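Undergrad: The opening position of the sequence shown corresponds to residue 75 in my numbering, with each subsequent residue numbered one higher.
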Amino acid sequence: RLFNLPMRPFVMGNPNGLVYIGGKRMTAAEANEHPERLPFRLTAAEHGRSADSLWSDAIGELKQMVENEGEAAWPEIVRRYDEYSLYEFLKSRGFSEGAIEFYAVMNFVESDLHNSFVEVLREELSGAYVDMQTIEGGMDALPNAFYRELRDVVRFGAEVRAIEQDREGVTLHCRVGPDTVSFTGDYAICTVPFSVLRPIEHRFSPEKERAIRQLNYHASTKILFQVRERIWESNDGINYPPSDPTTSRGVVLASYTWGQDALQWGAMDEETRIEEALDDVSQIHPGIRDVFEVGASHAWYGDRWARGAFALFAPEQQTQLQQAILQPEGRVYFAGEHCSLYHAWIQGSLESGIRAARQIHELPAA
Numbered sequence: 075r076l077f078n079l080p081m082r083p084f085v086m087g088n089p090n091g092l093v094y095i096g097g098k099r100m101t102a103a104e105a106n107e108h109p110e111r112l113p114f115r116l117t118a119a120e121h122g123r124s125a126d127s128l129w130s131d132a133i134g135e136l137k138q139m140v141e142n143e144g145e146a147a148w149p150e151i152v153r154r155y156d157e158y159s160l161y162e163f164l165k166s167r168g169f170s171e172g173a174i175e176f177y178a179v180m181n182f183v184e185s186d187l188h189n190s191f192v193e194v195l196r197e198e199l200s201g202a203y204v205d206m207q208t209i210e211g212g213m214d215a216l217p218n219a220f221y222r223e224l225r226d227v228v229r230f231g232a233e234v235r236a237i238e239q240d241r242e243g244v245t246l247h248c249r250v251g252p253d254t255v256s257f258t259g260d261y262a263i264c265t266v267p268f269s270v271l272r273p274i275e276h277r278f279s280p281e282k283e284r285a286i287r288q289l290n291y292h293a294s295t296k297i298l299f300q301v302r303e304r305i306w307e308s309n310d311g312i313n314y315p316p317s318d319p320t321t322s323r324g325v326v327l328a329s330y331t332w333g334q335d336a337l338q339w340g341a342m343d344e345e346t347r348i349e350e351a352l353d354d355v356s357q358i359h360p361g362i363r364d365v366f367e368v369g370a371s372h373a374w375y376g377d378r379w380a381r382g383a384f385a386l387f388a389p390e391q392q393t394q395l396q397q398a399i400l401q402p403e404g405r406v407y408f409a410g411e412h413c414s415l416y417h418a419w420i421q422g423s424l425e426s427g428i429r430a431a432r433q434i435h436e437l438p439a440a
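1) Express the C-alpha separation of residue 177 and residue 401 in angstroms, rounding to a whole number.
2) Find out if the Cβ-Cβ distance for the pair residue 245, residue 256 is shorter than 8 Å.
3) Starting from residue 199, follow the alpha helix (DSSP H) in both directions and report where the run begins and ends.
4) Report yes if the CB atom of residue 380 is closer than 8 Å to the CB atom of residue 267, and no otherwise.
5) Alpha carbon to alpha carbon, what distance is there between residue 183 and residue 334?
6) Does DSSP put residue 237 in a helix, in a strand, or in coil?
7) Taking the alpha-carbon of residue 262 as reference, which of 249, 279, 240 and 253 has the nearest alpha-carbon?
8) Assess, as a yes-or-no matter, whether the region 92-110 is touched by the region 123-141 under the definition of 3 or more beta carbon pairs within less than 8 Å.
9) Taking residue 323 as the reference, which of 332, 361, 343 and 367 has the closest Cα?
10) Please give the ranges of any alpha helix (DSSP H) in the region 341-371, keeping only runs that are unbroken, at least 4 residues long and fully inside the region.
11) Using 8 Å as the Cβ pair cut-off and three pairs as the minimum, do the region 183-197 and the region 156-164 touch?
12) Under the three-state reduction of DSSP, which class applies to residue 288: helix, strand or coil?
13) How about residue 286 and residue 195: are their beta carbons less than 8 Å apart?
14) What is the DSSP secondary structure of residue 324, reduced to helix, strand or coil?
15) Residue 407 bridges to which residues according to DSSP?
16) Going by DSSP in three states, residue 247 sits in which element: helix, strand or coil?
17) In whole angstroms, what is the alpha-carbon distance linking residue 102 and residue 179?
18) For the structure I just gave you, are there three or more beta carbon pairs, one from the region 317-332 and one from the region 297-308, closer than 8 Å?
19) Does residue 81 pass the burial test, meaning 16 or more other C-beta atoms within 10 Å, or should it be called exposed?
20) When you compare only the Cα positions, how much space is there between residue 248 and residue 259?
21) Between which two residues does the alpha helix (DSSP H) harbouring residue 100 extend?
22) With respect to the beta strand (DSSP E) encompassing residue 95, which residues constitute its N-terminal and C-terminal limits?
23) Leaving out the 5 sequence neighbours to the left and right, which residues in its chain are closer than 6 Å to residue 404 when beta-carbon positions are compared?
24) Going by DSSP, what residue range makes up the alpha helix (DSSP H) through residue 274?
25) From the DSSP output, read off the bridge partner residues of residue 300.
26) Just verifying my parser: in three-state terms, what is the DSSP assignment at residue 269?
27) Nearest to residue 359 by CA position, among 89, 99, 88 and 95, is which residue?
28) Measure the Cβ-Cβ separation of residue 271 and residue 385 and say whether it is below 8 Å.
29) Measuring only the C-alpha atoms, how far is residue 376 from residue 344?
30) Quickly, what does DSSP pair residue 330 with across the bridge? List them, please.
31) With a 10 Å radius around its C-beta and 16 neighbouring C-beta atoms as the bar for buried, classify residue 320 as buried or exposed.
32) Taking the alpha helix (DSSP H) that residue 136 belongs to, which residues open and close that run?
33) Look at the alpha carbon of residue 410 and the alpha carbon of residue 150, and state the distance between them as a whole number of angstroms.
34) Taking just the CA atoms, how far does residue 91 sit from residue 85?
35) Residue 434 to residue 369, Cα distance in whole Å?
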């Protein structure tokens, strides 16, 4: 599984990862072993238990279903639980308000509490954080490799403004600088997010139009620091990959937020974002300001070509929208992470792209 924008950070599962809650700095292992040190109001039955243990009990039956039945278990799970938000599911399992806060804070899903429970469960039970792969030298090596093979047919700077089709083919009307240029082919594969597709002139079925309008896109904002010394390694024995053994410099993902948190970070100018992130990271790594060199950030909701970081179902959206999301419209086919159930992952983009290409390849000859 290739990763780019997972819903939860890569430090999960690292017992040496640091947490800072209620003015207390501790490792994840310490937080799990001594949950009583954390400022959450738990019931007597919940007191002294880790967030992971409470969650394991809550999904135990569903985990067993998937272990016993594999992929065949998911239609029944979706039928029973697609209407639940994560918050509603935890309430149905007897979690107190304090335990919900405990689980959400410790697992970085506080901004996802009112999104689909099945989204979170699928990541948990499909091994989203097992055997993750990255590309040596940077994830941009993947699109660059495609480009090297396709450079003769790639056209940069062409902004699609309208999609037209008839029985013979598809025409894309594009703006190139001040000019309008049209491209015609037998079929088109549309990979732009539905959030970007909305203002492009097109005429699709009512079901597809509903999916384009309603599919929920999650906000996300990332802030990164470049430092001249990786103090997290020398001071705390933590490795934030990737690290380069040929230099003491490093880059750290200082802040990675979703939902309302991301929108608040996104509303700041870049200088303010970086300054406030420095304040926050200083609570985890007190010497960060002494080694800080430069920062960078990106807010996906403010990105004209993304208008959101990734698709993320609201309750019932898988049941109500998924079939229409995947459905071709005449000679127009669809791909992208939003056209898979691996939302937010490069894995989903690759899977859906292969599917769309195969659908066209297997069409009967005219």
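Ideal Cβ positions, reconstructed from N, Cα and C, are used throughout, including at glycine. Given the structure is predicted, the values throughout are model-derived calculations rather than measurements.
TA: Checking against the coordinates, here is how it stands:
1) 37 Å
2) yes
3) 191-199
4) yes
5) 12 Å
6) strand
7) 240
8) yes
9) 367
10) 344-358 and 362-365
11) yes
12) helix
13) no
14) strand
15) 263
16) strand
17) 12 Å
18) yes
19) Bear in mind that the predicted position of residue 81 carries a pLDDT of just 35, short of 50, making it unreliable; the figure below should be weighed with that in mind. Per the 10 Å Cβ criterion, buried.
20) 14 Å
21) Looking at the DSSP string, residue 100 is not in any alpha helix (DSSP H); the run it does join, the beta strand (DSSP E), is 98-101.
22) 92-95
23) 239
24) Where residue 274 is concerned, there is no enclosing alpha helix (DSSP H), given that its DSSP letter is neither H nor E.
25) 325 and 368
26) helix
27) 99
28) no
29) 12 Å
30) 296
31) exposed
32) 125-143
33) 26 Å
34) With a pLDDT of 47 at residue 85, under the threshold of 50, the modelled position of that residue is not reliable, and no figure is offered here.
35) 44 Å
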